[in-house]
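A.B. asks: Dropping a structure here in structure tokens format, bear with me for questions.
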Amino acid sequence: MSSKKNLKYSVFLILCLLLLYGIWYLKTSIEVSAYLEPEIVATHYNGSNFVGSQTCMECHADIYTTHLETAHYNTSSTAAKEHIKGSFHAGSNELNLKGVRLKMMAENDQYFQLSKAKFGDTSTTKSKIDIVIGSGVKGQSYLSWNDSKLVQLQASYFKPTGSWVNSPNFPDYTLNRKVDDNCLKCHVTFAKNINESGIGNTYDRSKMLLGIDCQRCHGPSEEHVKYHRLNPNVLTGKFVDNFKAYSRQQRLDACAVCHSGLQSQQIKGNPFSFLAGDTLALFSKTYKNRTTTTKLDVHGNQMGLLSESECFVNSPKMDCITCHDPHKNQRGNINSFNSKCLSCHDTNDLNTVVENHNHDNEQNCVSCHMPLVPSEVMKLKLERESKEIPVYIRTHLIGIYK
Ligand code: HEC
Ligand code: HEC
Ligand code: HEC
Ligand code: HEC
Ligand code: HEC
Ligand code: HEC
Ligand code: HEC
Numbered sequence: 000m001s002s003k004k005n006l007k008y009s010v011f012l013i014l015c016l017l018l019l020y021g022i023w024y025l026k027t028s029i030e031v032s033a034y035l036e037p038e039i040v041a042t043h044y045n046g047s048n049f050v051g052s053q054t055c056m057e058c059h060a061d062i063y064t065t066h067l068e069t070a071h072y073n074t075s076s077t078a079a080k081e082h083i084k085g086s087f088h089a090g091s092n093e094l095n096l097k098g099v100r101l102k103m104m105a106e107n108d109q110y111f112q113l114s115k116a117k118f119g120d121t122s123t124t125k126s127k128i129d130i131v132i133g134s135g136v137k138g139q140s141y142l143s144w145n146d147s148k149l150v151q152l153q154a155s156y157f158k159p160t161g162s163w164v165n166s167p168n169f170p171d172y173t174l175n176r177k178v179d180d181n182c183l184k185c186h187v188t189f190a191k192n193i194n195e196s197g198i199g200n201t202y203d204r205s206k207m208l209l210g211i212d213c214q215r216c217h218g219p220s221e222e223h224v225k226y227h228r229l230n231p232n233v234l235t236g237k238f239v240d241n242f243k244a245y246s247r248q249q250r251l252d253a254c255a256v257c258h259s260g261l262q263s264q265q266i267k268g269n270p271f272s273f274l275a276g277d278t279l280a281l282f283s284k285t286y287k288n289r290t291t292t293t294k295l296d297v298h299g300n301q302m303g304l305l306s307e308s309e310c311f312v313n314s315p316k317m318d319c320i321t322c323h324d325p326h327k328n329q330r331g332n333i334n335s336f337n338s339k340c341l342s343c344h345d346t347n348d349l350n351t352v353v354e355n356h357n358h359d360n361e362q363n364c365v366s367c368h369m370p371l372v373p374s375e376v377m378k379l380k381l382e383r384e385s386k387e388i389p390v391y392i393r394t395h396l397i398g399i400y401k
């Protein structure tokens, strides 16, 4: 009888242990899979998924941290106080144009543009500032949601004067302009337009990835993250592009998609379809509606200007990364840029070639050979009577300027 009882006890004990193991197994496997499955924040038109940007921090902490300081990362954001550079204080919060008066207001941590036309319907329109465009190097523009429709507000902020201005290319009378993919494509990581061709300004508001983040240049990275979480011992990047293996044109195209001028014509897919590694010429055609004598504008066309420079034409390997570190804010770090010039140009040679001019290491090469040039297309109007003033941009036509 006691052996029968023992057997019962043993079976009972085993069952209990099995149950405990089962609970433990379920619990840990849920934890493991929750860890292995990164948060998906949007799906690209090619079907691959974007993960939350902070996911990259886990394994690329150095790059992630310096990237937070870049103009790219900060080029679009929500309308929080720390992001809006324009003033809401009485005395500096108004803009008086020929046909409209604008006033900027803060109310319980929310920000608004009040606009009152001077002719016709003179009632006041109140628009909420929802999205900030521009890190503020030269200025910022502000976008507003009207349900799911996105518009650009009339008042922009201009850094050189520290004041509110009429948004570039806006008329003197009241207007909120529609914002579609052709505006957003260079200033956000991804936007999900209701119309897949990217025309129209109706968006899925929950799928707007602000800032130019890692995945804007490296592509949607869900597969990459999953693989490396599962295989922590693998030290070469999988399911991710390798810029070092790209051709010069591919490396250039990854930047040129946003830095080759505003006048481009989409010939394939949606404005967000192009990903690094693709050939840009298959996706869009840059309008060259100019004769050989008209100049390329400095605004947003670093690619066009650089490719006409002697340095570029005569250096088979030169690309944007020759001088720029895509993960760091290098603005104003002139010594670093000069050392790039000197990596190809020998000052001793220069001093014998160039008469009456001393090219020594102390010289700021950039100030003479890549000067700030006024843009012909990006001009701003301050007030009612004042003339338009141009924005100055560093030209990438490296050359000899007298
Ligand atoms: C679980 C770890 C892990 C996470 C999370 C992770 N990576 Fe990586 N990644 C790696 C490893 C390991 C490599 C290979 C070593 C290296 O280049 O740093 C790598 C390499 C890369 C490379 C270089 C590929 C090459 O061959 O040149 C890029 C680009 C990259 N990761 C982008 C990202 C982005 C973007 C994110 C966030 C969406 C991300 N990674 C998140 C582990 C990770
Ligand atoms: C998705 C579009 C996009 C891509 C891709 C892109 N850029 Fe930019 N870039 C911008 C925009 C927009 C700005 C202006 C940001 C601002 O100040 O708000 C900018 C600014 C810059 C600046 C000025 C930074 C500063 O501190 O003022 C440099 C330099 C630059 N980009 C280089 C590059 C290089 C090099 C690449 C390729 C590796 C690249 N960009 C790829 C859109 C892009
Ligand atoms: C083809 C890419 C492209 C498109 C499209 C584009 N931008 Fe830009 N934008 C840039 C680049 C590049 C810069 C950086 C300075 C430069 O080269 O002039 C910039 C600069 C800016 C700045 C100044 C940012 C700063 O920190 O100083 C603002 C504001 C801005 N753009 C707003 C807009 C708005 C609003 C639209 C849509 C109506 C738009 N941009 C469309 C590429 C683009
Ligand atoms: C403006 C485009 C751009 C953005 C934004 C960007 N990268 Fe890169 N990344 C590049 C380019 C271009 C290279 C190749 C650099 C080279 O060849 O020297 C690169 C290289 C890398 C590499 C290879 C190792 C290295 O240091 O060269 C890793 C890893 C990487 N990026 C991760 C990231 C992560 C993580 C982020 C976001 C925090 C990010 N990148 C944001 C353009 C970008
Ligand atoms: C990758 C190598 C490389 C880099 C980096 C480089 N250059 Fe050049 N540059 C050249 C070559 C090659 C030429 C063609 C003439 C020659 O052989 O000296 C040239 C020509 C020039 C010229 C003569 C232009 C003309 O129109 O006659 C100037 C001025 C110049 N570079 C200035 C600079 C400055 C300033 C920098 C840094 C911002 C710079 N370069 C960076 C390779 C380079
Ligand atoms: C020969 C070196 C060199 C090369 C190559 C180069 N840049 Fe630059 N870039 C500079 C210098 C120098 C500045 C000025 C930086 C500053 O003022 O802090 C600059 C500034 C910029 C700015 C900011 C302009 C402004 O006034 O706001 C952008 C955007 C930019 N570069 C993009 C690019 C892109 C895209 C490429 C490739 C097509 C490229 N650069 C290639 C040297 C270079
Ligand atoms: C004060 C303005 C100034 C500064 C600073 C300057 N340059 Fe020059 N550079 C010139 C002028 C002007 C010429 C043309 C002289 C001539 O043709 O008589 C020139 C010519 C050149 C040339 C063409 C030489 C040739 O073979 O015809 C190169 C390359 C060059 N500079 C590179 C540099 C580099 C690199 C630096 C930084 C170390 C630099 N420059 C700093 C004004 C400057």
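Mapped onto numbering that gives the first Met the number 0, the consecutive letters of the sequence shown carry residue numbers 0 to 401. Here a beta-carbon is modelled for each residue, glycine too, at the ideal position from N, C-alpha and C.
#1: Starting from S76, follow its DSSP beta bridges and name the residues at the other end.
#2: Could you say if the segment 131 to 151 and the segment 71 to 86 meet the contact criterion of at least three C-beta pairs nearer than 8 Å?
#3: Using 8 Å as the Cβ pair cut-off and three pairs as the minimum, do the segment 35 to 42 and the segment 201 to 217 touch?
#4: Got a sec: does ligand 6 put a non-hydrogen atom nearer than 8 Å to the Cβ of T74?
#5: State yes or no: is the C-beta of G398 nearer than 8 Å to some heavy atom of ligand 5?
#6: Apart from the five residues just before and just after D212, which ones in its own chain have a Cβ nearer than 7 Å to its Cβ?
#7: Since A190 and S134 should fall inside the 8 Å C-beta cutoff, what is the C-beta to C-beta distance between them, to a whole number of angstroms?
#8: Check whether the Cβ of C340 sits closer than 8 Å to any heavy atom of ligand 7, and report yes or no.
#9: What would DSSP say about T44, mapped onto helix, strand or coil?
#10: Specify the secondary structure class of V412 as computed by DSSP and reduced to three states.
#11: If you measure between the beta carbons of Q151 and S162, is that distance less than 9 Å?
#12: Bridge partners for S283 per DSSP, in chain order?
#13: Which residues does DSSP pair with Y202 in a beta bridge?
#14: Would you kindly check if the distance between the Cβ of M369 and the Cβ of R393 is under 9 Å?
#15: Any chance the CB of Q214 is under 8 Å from a heavy atom of ligand 2?
#16: Taking Cβ positions, are I128 and Q112 nearer each other than 9 Å?
#17: Just reading off the beta strand (DSSP E) that Y245 is part of, what are its end residues?
#18: According to DSSP, R176 sits in a beta bridge with which residue or residues?
#19: Under the assumption that K371 contacts Y400 (Cβ atoms under 8 Å), give the Cβ distance between them as a whole number of angstroms.
#20: Looking at the strands, I want to know which residues DSSP matches up with K124.
#21: With distances taken between CB atoms, is the gap from M317 to H395 smaller than 9 Å?
#22: What are the start and end residues of the beta strand (DSSP E) that includes S342?
#23: Could you tell me which of Y110, D108, L101 sits nearest to T123, measuring between CA atoms?
#24: Span of the beta strand (DSSP E) holding V164?
#25: What number of angstroms, rounded off, separates the C-alpha of N192 from the C-alpha of D240?
C.D. replies: On the basis of the data shown:
#1: Bridge partners of S76: V131.
#2: Short answer: they touch.
#3: At 8 Å Cβ cutoff, the stretches touch.
#4: T74 has its Cβ no nearer than 8 Å to any heavy atom of ligand 6.
#5: Yes, ligand 5 has a heavy atom inside 8 Å of this Cβ.
#6: Hits under 7 Å: S52, Y72, T188.
#7: A190 to S134, Cβ: 18 Å. No contact.
#8: Indeed, a heavy atom of ligand 7 lies less than 8 Å from the Cβ.
#9: One point to set straight first is that residue 44 is Tyr, not Thr, in the sequence displayed. When DSSP states are grouped into helix, strand and coil, Y44 belongs to the coil group.
#10: Outside the shown range of the chain (0 to 401) lies residue 412, about which nothing can therefore be said.
#11: No, these two residues do not count as a Cβ contact at 9 Å.
#12: Q265.
#13: In the DSSP output, where bridge partners are listed per residue, Y202 has N192.
#14: In this structure, M369 lies closer than 9 Å to R393 by Cβ.
#15: Between ligand 2 and the CB of Q214, the shortest heavy atom gap is not smaller than 8 Å.
#16: Closer than 9 Å, so yes.
#17: Run containing Y245: none; DSSP gives neither H nor E here.
#18: Answer is Q151.
#19: A small fix is needed here, since residue 371 is Leu in this sequence, not Lys. With a Cβ gap of about 11 Å, L371 and Y400 do not count as contacting.
#20: According to the sequence provided, residue 124 is Thr. The question's Lys does not apply to it. S114, per the DSSP bridge assignment.
#21: Not closer than 9 Å, so no.
#22: In the DSSP assignment, S342 falls outside any beta strand (DSSP E) and lies within the alpha helix (DSSP H) extending over 333 to 343.
#23: The option with the nearest alpha carbon to T123 is L101.
#24: Unbroken beta strand (DSSP E) run through V164: 162 to 165.
#25: The straight-line gap from Cα to Cα measures roughly 26 Å.
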